[in-house]
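A.B. asks:
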Amino acid sequence: LTTHTNDTSHDTDEVIPEDVEGEPFYLDKHAFARALTHDIKQYNIENEDSLTTNYHDVFKTYKSTKEGDVKNLIANRLMTVEKVDDVDDIRPVQRVFTFPSIDYTADTFRSKGFVVLLWVTWILSYFAYLFDRDGKRLGDLNCDESKPNFGCFILQGLINWSIIMLQLTLIGTPFILWASVGNSVYQTHPLLITFGIISPVVFAILPYFNTFKVIHTEDGDFISTEKVDDARKQMLYNLAFICGTFLVVASSRNLLQRLVGQHDFWKNNKWLRMMMSVPGAIVLESNIKKAASFKVNQLVRNARAIHKIAEYESTEGYETLLSRALLSFEKTSERREDFGGFFSTWKRLFSGKLFSEDGIWFTARLISGNVGQLTLCVFLISFFVNLQRSDFFQNELSKVAESEKWRLMAPLRYGLAVSEITIIIITLNYVPSTTRTVLLFRSGGIPSLHDARFWKLRVAVDQASLLFGTLFWGSLYTAILIG
1 LTTHTNDTSH DTDEVIPEDV EGEPFYLDKH AFARALTHDI KQYNIENEDS LTTNYHDVFK
61 TYKSTKEGDV KNLIANRLMT VEKVDDVDDI RPVQRVFTFP SIDYTADTFR SKGFVVLLWV
121 TWILSYFAYL FDRDGKRLGD LNCDESKPNF GCFILQGLIN WSIIMLQLTL IGTPFILWAS
181 VGNSVYQTHP LLITFGIISP VVFAILPYFN TFKVIHTEDG DFISTEKVDD ARKQMLYNLA
241 FICGTFLVVA SSRNLLQRLV GQHDFWKNNK WLRMMMSVPG AIVLESNIKK AASFKVNQLV
301 RNARAIHKIA EYESTEGYET LLSRALLSFE KTSERREDFG GFFSTWKRLF SGKLFSEDGI
361 WFTARLISGN VGQLTLCVFL ISFFVNLQRS DFFQNELSKV AESEKWRLMA PLRYGLAVSE
421 ITIIIITLNY VPSTTRTVLL FRSGGIPSLH DARFWKLRVA VDQASLLFGT LFWGSLYTAI
481 LIG
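Okay, so the sequence shown: first residue is 1 according to the working numbering, each after it adds one.
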């Protein structure tokens, strides 16, 4: 519909799409600007500080929103809306089960700390009850060490490593998968969480108090929890029991949140929810929302500052004001901010700004690798102490004159110190290095979408999990070569 008006402010033909309360509504530049920004009124600003995922902010639930299920979700308090009419704009979607509690590529489990603790518990349990026990004797070929028989020793080594792989596969896989049940960022049935709690009890807590054997033969036992009177073994027994207990506590928190998390007192107390029940993955995703809001606010502040400078410098009208603003923007476009350094990254990490302002997300693989590197530091110290106390070393040391012993001990201690410092430096540099790489991708320092080589980064993204081994073995080999 086209109309002609005598209003001097509209001296051209205007399109009138509708009448608002009897008055014509003109589709001019002001109306167009309002149309572009009107949808922002539907945005709930409280979502920026809410301890929820982006999926929950859009669909008001963690469940599927299939047609016919919305009323049941509201009745069961699984959808955060006040009335059914509020869900008219929610699009029906169907969630697909993808084993999120063990998805180490997408990091969709409930807590990264739980995953790290789970793997630490398994490693401690393995070295406490399975490693260097009678299991290897099941495949003993009785190679005569007094006679050179290279083939027999090679075959014996293959059999020993095969037994180790069988132990890791047949025992480790059920332990990890079983304990991970219920460790999903989405709400899980309480019975599944309870079922997952049984795993650390069976594999880490019961062996501490009971002795049992599996596949018992005269040559040895494939699995044996019989305790050994050794200080190092006793330490492993205690550490495995402590970590298993913490796993039970962590899963119990998950169960508590699932049972009483919908209570009004629990939901309305933000700090109680965050300390007692909110999954770590949701807290990290909430920080990413805060980071996005922070960057948008910074963008608006910078734009206002540029226009304020232009308004101060310009006195010749609106068009000149826009020109001055563009000139001011061009002047500030060369401004740079140095970030991603070693000390600045760790400082922002401890202050929390690295998550709430920069939106950095660390995978569980990186955290587990750092824990493994720190464990390596402890292992090297333990290895050096045991070597120094061994009969072989003491016999060799007794052959050296008392005044010359320092010539042997000084290089060993110096090498240990250099190795420890090397591992610590490598460990501390992984987080700044990861942060710097992420920021380079964001800023274009590393070409992405429009780069011809970007397709290589999109092939077999799951192979990023292979980098986990390099964190440990790379640190070990570096420490050996340098120290």
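From the three backbone atoms N, C-alpha and C, an ideal C-beta is built for every residue, glycine too.
Below 8 Å CB to CB, which residues in the same chain sit around residue 354 once its five sequence neighbours on both sides are set aside?
C.D. replies: Looking up residue 354 in the sequence shown gives position 354. Answer for residue 354: 345, 348, 360 and 435, listed in chain order.
A.B. asks: Since residue 61 contacts residue 286 with CB under 8 Å, what's their CB separation in whole angstroms?
C.D. replies: Counting from one through the sequence shown, the residue named residue 61 turns up at place 61. Counting from one through the sequence shown, the residue named residue 286 turns up at place 286. Between residue 286 and residue 61 the Cβ distance is about 17 Å, and since that is not below 8 Å, they are no contact.
A.B. asks: Can you tell me whether residue 506 is buried or exposed, with buried defined as 16 or more other CB within 10 angstroms of its CB?
C.D. replies: Coverage of the chain is limited to positions 1 through 483, which leaves residue 506 absent and any answer about it impossible.
A.B. asks: Going by DSSP, name the residue or residues bridged to residue 184.
C.D. replies: Mapped onto the sequence shown, residue 184 falls at position 184. 109, per the DSSP bridge assignment.
A.B. asks: Determine the extent of the alpha helix (DSSP H) in which residue 260 is found, giving its start and end residues.
C.D. replies: Residue numbering aside, residue 260 sits at position 260 when the sequence shown is read from its first letter. Residue 260 -> alpha helix (DSSP H) spans 231 to 260.
A.B. asks: Are the CB atoms of residue 184 and residue 95 within a distance shorter than 7 Å?
C.D. replies: To locate residue 95, count along the sequence shown from 1; it is residue 95. To locate residue 184, count along the sequence shown from 1; it is residue 184. Cβ distance not < 7 Å, so residue 95 and residue 184 don't count as in contact.
A.B. asks: What number of angstroms, rounded off, separates the C-alpha of residue 248 from the C-alpha of residue 449?
C.D. replies: Translated into the one-based positions of the sequence shown, residue 248 becomes position 248. Translated into the one-based positions of the sequence shown, residue 449 becomes position 449. The alpha-carbon atoms of residue 248 and residue 449 are separated by roughly 44 Å.
A.B. asks: Could you tell me the alpha carbon to alpha carbon distance between residue 45 and residue 282, rounded to whole angstroms?
C.D. replies: What you label residue 45 is simply residue 45 of the sequence shown in a count that begins at 1. What you label residue 282 is simply residue 282 of the sequence shown in a count that begins at 1. The straight-line gap from Cα to Cα measures roughly 18 Å.
A.B. asks: Count Cβ pairs between the stretch 436 to 444 and the stretch 411 to 423 that sit closer than 8 Å; are there 3 or more?
C.D. replies: no
A.B. asks: Please determine whether the Cβ atom of residue 158 lies at a distance below 6 Å from any heavy atom of the ligand FAD.
C.D. replies: The ligand FAD is absent from the structure shown, which contains no ligand whatsoever.
A.B. asks: Taking the beta carbon of residue 336 as the centre, do at least 16 other beta carbons fall within 10 Å, making it buried, or is it exposed?
C.D. replies: If you number the sequence shown from 1, residue 336 lands on position 336. Sixteen is the threshold: since fewer than 16 other Cβ atoms of the shown chains lie within 10 Å of the Cβ of residue 336, the residue is exposed.
A.B. asks: What residue range does the alpha helix (DSSP H) around residue 403 cover?
C.D. replies: Your numbering for residue 403 matches position 403 in the sequence shown. Unbroken run through residue 403: none, as it is neither H nor E.
A.B. asks: Tell me the DSSP secondary structure of residue 16 in three-state form.
C.D. replies: Here the question's residue 16 lines up with position 16 in the sequence shown. Low confidence applies here, because residue 16 scores a pLDDT of 44, under 50, leaving its location unreliable and the question unanswered by this model.
A.B. asks: Should the stretch 232 to 241 be called in touch with the stretch 174 to 181, which here means at least 3 C-beta pairs below 8 Å?
C.D. replies: no
A.B. asks: So, with DSSP's three-state summary, where would you put residue 103?
C.D. replies: By 1-based counting over the sequence shown, the position of residue 103 is 103. Note: residue 103 maps to coil in three-state DSSP.
A.B. asks: Check residue 280 in the structure and name its three-state DSSP category.
C.D. replies: Looking up residue 280 in the sequence shown gives position 280. For residue 280, the secondary structure class from DSSP, reduced to helix, strand or coil, is helix.
A.B. asks: Mind checking whether residue 175 and residue 122 have CB atoms under 7 Å apart?
C.D. replies: Residue 175 sits at position 175 when you count from the first residue of the sequence shown. Residue 122 sits at position 122 when you count from the first residue of the sequence shown. Taking 7 Å as the Cβ cut-off, residue 175 and residue 122 qualify as a contacting pair.
A.B. asks: Roughly how many angstroms separate the alpha carbons of residue 161 and residue 172, rounded to a whole number?
C.D. replies: Position 161 of the sequence shown, counted from the start, is the residue given in the question as residue 161. Position 172 of the sequence shown, counted from the start, is the residue given in the question as residue 172. Computed Cα separation, rounded: 15 Å.
A.B. asks: Would you mind sorting residue 289 into buried or exposed? The rule is 16 or more other CB atoms within 10 Å of its CB.
C.D. replies: Working through the sequence shown from its first residue, we reach residue 289 at position 289. When all chains shown are included, residue 289 counts as buried.
A.B. asks: Can you name, in chain order, every residue of its own chain whose Cβ lies under 8 Å from the Cβ of residue 116, other than the five neighbours on each side?
C.D. replies: Along the sequence shown, one-based indexing puts residue 116 at 116. Correct list, in chain order: 364, 367, 368 and 371.
A.B. asks: Return the CA-CA distance between residue 38 and residue 49, expressed in angstroms with no decimal places.
C.D. replies: For the purposes of this step, residue 38 is identified with residue 38 of the sequence shown, where counting begins at 1. For the purposes of this step, residue 49 is identified with residue 49 of the sequence shown, where counting begins at 1. Roughly 23 Å separates the two Cα atoms.
A.B. asks: Per DSSP, what kind of secondary structure is residue 131 in: helix, strand or coil?
C.D. replies: Counting from 1 along the sequence shown, the entry for residue 131 is found at position 131. Residue 131 falls in the coil class under three-state DSSP.
A.B. asks: Spatial neighbours of residue 57 within its chain, please: C-beta separation below 6 Å, excluding the five flanking residues on both sides.
C.D. replies: On the sequence shown, position 57 is the one that residue 57 refers to. Cβ neighbours of residue 57 beyond the five flanking positions: 47.
A.B. asks: Across the stretch 423 to 440 and the stretch 326 to 335, are there enough close Cβ pairs to call them in contact, namely three or more that are closer than 8 Å?
C.D. replies: no
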